[in-house]
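> The structure is given below, and queries will be raised subsequently.
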Amino acid sequence: MTAERKKVLITLFAPLSLLLIPLIAMQFTSEVNWSARDFVVGGVLLLACSLTIAFARSSRFSQRSRTLIIVAAILILLLLWVELAVGIFNTPFAGS
């Protein structure tokens with residue numbers, strides 16, 4: 158396996174493997190109740206963040222710009238995730 162292919166596989170599957178946490182938790186407790194739509198939305202968010210970080214790391218931006226892009230991607234991911242989970246901004250797509 159080439160190094161480039163390994164990077165692509167890690168970029169795609171590492172963030173999606175985080176979705177195993179709620180999947181496993183659903184087997185042991187009723188507190189975690191995700192639908193298929195929740196997993197799809199979570200996967201899209203995690204994958205978009207991962208691809209943005211991979212793009213920033215492999216681009217010709219300055220180190221400062223790379224860092225800002227990565228921090229912005231992570232902050233946007235966290236804000237969207239929290240909004241979808243509990244609805245801190247009272248948007249129409251807010252969670253419980």
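For the sequence shown, our numbering gives the first residue as 158, with consecutive numbering after it. Note that beta-carbon positions come from the ideal geometry of N, C-alpha and C, so glycine has one too.
Distance check for A230 and N190, CA to CA, integer angstroms please.
The alpha-carbon atoms of N190 and A230 are separated by roughly 27 Å.
> Identify, in the order they occur along the chain, each residue of the same chain with its Cβ nearer than 8 Å to the Cβ of E240, setting aside the five sequence neighbours on each side.
For E240, where only same-chain residues beyond five positions count, the Cβ hits under 8 Å are F246, T248, F250, A251 and G252.
> In terms of alpha-carbon separation, which member of T209, A242, M183 and L236 lies closest to I226?
It is T209.
> Give the single residue among D195, P179 and F196 whose Cα lies nearest to the Cα of E188.
Among D195, P179 and F196, the Cα nearest to that of E188 is on P179.
> So, with DSSP's three-state summary, where would you put V201?
In the structure shown, V201 sits in a helix (DSSP, three-state: H, G or I).
> By the 10 Å Cβ neighbour count, where 16 or more other Cβ atoms means buried, how is I207 classified, buried or exposed?
As written in the sequence, residue 207 is Ser, which differs from the Ile given in the question. Buried: at least 16 other Cβ atoms inside 10 Å.
> What number of angstroms, rounded off, separates the C-alpha of L234 from the C-alpha of G199?
If I take the Cα positions, the gap works out to 10 Å.
> At the level of alpha carbons, what is the spacing between L175 and L204?
The alpha-carbon atoms of L175 and L204 are separated by roughly 11 Å.
> Please state whether DSSP places I245 in a helix, a strand or coil.
DSSP places I245 in coil when its eight states are reduced to three.
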